[in-house]
Each structure stands twice: as C-alpha cells, then as structure tokens.
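All residue numbers for the sequence shown refer to my numbering, where the first residue is 2 and numbers rise by one.
First comes the structure, then the notes that go with it.
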Amino acid sequence: MFKEQIDALSTAFSEELNAALTKEALEAVRVKYLGKKGPVNDLMKGLRDMTPDERREAGQLVNTFKSEAETAIAEKGKALEAEALSAAIRASKKYNPTLPSGEDRGSYHPITLIARDVEEIFTTMGFTVEDYVEITDDYHCFEALNIPKSHPARDMQDTYYIENGQLLKTHTSAAQNHIMKKYGAPLRAIFPGRCFRNEAIDACHENTFFQMEGMMIDKDISISNLIYFMKTMLSAVFGEELMVRLRPGFFPFTEPGFELDISCTICKGRGCPSCKNTGWLELCPCGMI
Numbered sequence: 002m003f004k005e006q007i008d009a010l011s012t013a014f015s016e017e018l019n020a021a022l023t024k025e026a027l028e029a030v031r032v033k034y035l036g037k038k039g040p041v042n043d044l045m046k047g048l049r050d051m052t053p054d055e056r057r058e059a060g061q062l063v064n065t066f067k068s069e070a071e072t073a074i075a076e077k078g079k080a081l082e083a084e085a086l087s088a089a090i091r092a093s094k095k096y097n098p099t100l101p102s103g104e105d106r107g108s109y110h111p112i113t114l115i116a117r118d119v120e121e122i123f124t125t126m127g128f129t130v131e132d133y134v135e136i137t138d139d140y141h142c143f144e145a146l147n148i149p150k151s152h153p154a155r156d157m158q159d160t161y162y163i164e165n166g167q168l169l170k171t172h173t174s175a176a177q178n179h180i181m182k183k184y185g186a187p188l189r190a191i192f193p194g195r196c197f198r199n200e201a202i203d204a205c206h207e208n209t210f211f212q213m214e215g216m217m218i219d220k221d222i223s224i225s226n227l228i229y230f231m232k233t234m235l236s237a238v239f240g241e242e243l244m245v246r247l248r249p250g251f252f253p254f255t256e257p258g259f260e261l262d263i264s265c266t267i268c269k270g271r272g273c274p275s276c277k278n279t280g281w282l283e284l285c286p287c288g289m290i
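Dropping the structure here:
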C-alpha cells in the first residue's frame, strides 16, 4: 500500500518536473512536493502510526524518493540556467565566437619569475638586457675568454658540439665579446639565458640550466661598484637588507675572481643547518673579466 503511494507520487512528480520550463515553475514544483505542506512531509508524519518494521521500510522509501527528487530538481535547475545563458548569448549582438573561453590556468615557472625580477631591478640601475644565442662558436665560448684548446678549464665545461665548429654555449659568458663589440664602452648590461653542459645528471647537476650574467665597463670603477650593485640587487630580490662578502675564487675568465656570499636568510647570520652554522650562504661567482 505504502509503496504504491510512493510510486504514484514519483510519477506525478516526474510529469510536473518535465513540464517545468522556467525557474519559477521549478521552484513551485519543489515547494509542492518537498515543502513543509507537501506530500513528503505528510508521509514522514504518518510513519509514527506504523510498527517498527513497517516504519523502517516506509522510511527508506520516503527518503529515497526525497533524495532522488532533490537531485532531479538540482539538475533541472542547472539545465534551465544553461539554456537561459545560451538564449541570452544568441540574442546578444555582441556575441563573438572567436573570443577565448576563459582565463588561462597555470603560472610562470619560478626561474622565469626570478629572471624577470632581476632584469627589472638591473634595468632601474641603468643596465640593458641582452638576449644571446644558445648556439655559438668555439671562439666566443672559450678562446675570447682566454680559454684556449689546451687550457685545463675546458675539462670543467664539456659541451655538445655541432658541425662547422659550432656548439651549445656552456655559460652566458659566451656573450661577453659579442656585447662589448656591439656597444663598446661605457657599458652596463645583463644577459640571461640557458646553458648546456655534458654533465652526469644528479641532484645538483643537469645538462641544461639557467644563468644570468652582468657586465659593467667604465672609467674609475672598482670592486666596490661590484659589491654595491650585487648587494642592491640581492636585497631587492630577497625583500630584506642583506650583508654580502667576497672570498677569493678561481674562474678561468676573471682575475681577480671571487665567490660572493650573502648573510643567511634563514637564521639571519646566527648559524643554522642551511648555512652549515657559518651564517653565510654561497651564492654566485664574480670578478673582473
């Protein structure tokens, strides 16, 4: 008896739901069947007069119908909204099917973000940003940097060679000679880019990596200028005032050459595992070319 009531209720609900073609009509169906004065609420009240076994079975039937009805109403509501939107678009004279469907998802790679920050900082200090090719020749990559074929420093920078004496650049320093010829002196320039080396790949080494190099040529400049520009740039990148120091370092194309350290941004110079309890982080090489 009770199941027949539910079946009849379900049939009537489906017919009225299919006939509802507007949001207002759909809301009227919802109130009629699921509202406080609707048949579902009346059936729930009638469960009190049943035996426990009858109440259990009847309760399941009522809850199933209620759940299915709520789902059907929600789906019909979404369908009506989609139809209304389509109709509005079709009626609008401004509709342009060539417009993009929405915002692109994703974000820039961290290397790209840092590179843009550094480029912007150096640009405000009067530096130009120079793009240089990834495929160069032996002269610009080695010979022009005082690294002849017999120099042991070549063992540190094994690269990928191409026909006709060309190769994939091993460092951004390959652009130095090109930029000096292009601009002459005085000169302030930075040149970012990908570099390539025939490395054994591990956690710290890769055959393709990113470098950014800066160069300044002028009268009456010294290591003090180098320290100033590097400290200014690094403090801006890290968003805090940093201390820097230079240590002697060997690089085949600089003399003198230095390793530049910054005060540890984790422990603020007090010493921690990140800086091996020295208070300093080794960051980048530099020197006089």
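For every residue, glycine included, the Cβ atom is placed at its ideal position computed from N, Cα and C.
Contact check for residue 288 against residue 257 passes: the beta carbons are separated by less than 8 Å. Around the beta-carbon of residue 61, fewer than 16 other beta-carbon atoms lie within 10 Å, marking it exposed.
Here residue 190 is buried: its Cβ has 16 or more other Cβ atoms, across all protein chains shown, within 10 Å. DSSP links residue 190 through a beta bridge to 129 and 216. Contact holds between the stretch 172 to 192 and the stretch 122 to 142, because three or more Cβ pairs, one in each stretch, are under 8 Å apart. In terms of Cα proximity to residue 164, the closest of 149, 136 and 157 is 136. Just so you know, the alpha carbons of residue 184 and residue 98 end up roughly 48 Å apart.
In this structure, the alpha-carbon of residue 250 lies about 20 Å from that of residue 235. Looking at the DSSP output, residue 249 shares a beta bridge with 259. If you draw a straight line from the Cα of residue 224 to the Cα of residue 134, it comes to about 29 Å. In this structure, the alpha-carbon of residue 87 lies about 40 Å from that of residue 45. About 16 Å separates the beta carbon of residue 193 from that of residue 217, a gap too long to meet the 8 Å contact definition. Counting along the chain, the unbroken alpha helix (DSSP H) around residue 61 starts and ends at 53 to 92. According to the DSSP assignment, residue 16 belongs to the alpha helix (DSSP H) that extends over 3 to 20. If you draw a straight line from the Cα of residue 77 to the Cα of residue 265, it comes to about 60 Å. Under the three-state reduction of DSSP output, residue 184 falls in the helix class.
Listed in chain order, the non-local C-beta contacts of residue 209 below 8 Å within the same chain comprise 195, 196 and 197, local neighbours out to five positions each way being set aside. Burial state of residue 30 is buried, judged by a 10 Å Cβ sphere holding 16 or more other Cβ atoms. In the three-state DSSP reduction, residue 171 falls in the coil class, being neither helix nor strand. Out of 56, 59 and 66, the CA that lies nearest to the CA of residue 13 is found in 66.
Contact between residue 70 and residue 34 holds: CB atoms are separated by about 6 Å, below the 8 Å threshold. Inter-residue distance for residue 182 and residue 166 is about 21 Å (C-alpha atoms, whole angstroms). In this structure residue 205 is exposed. Its beta-carbon is surrounded by fewer than 16 other beta-carbon atoms within 10 angstroms.
When DSSP reads this structure, residue 137 sits in a beta bridge with 168. Using a Cβ distance threshold of 8 Å, residue 123 and residue 174 do not count as a contacting pair. If you draw a 10 Å sphere on the C-beta of residue 274, you find fewer than 16 other C-beta atoms in it, and that means exposed.
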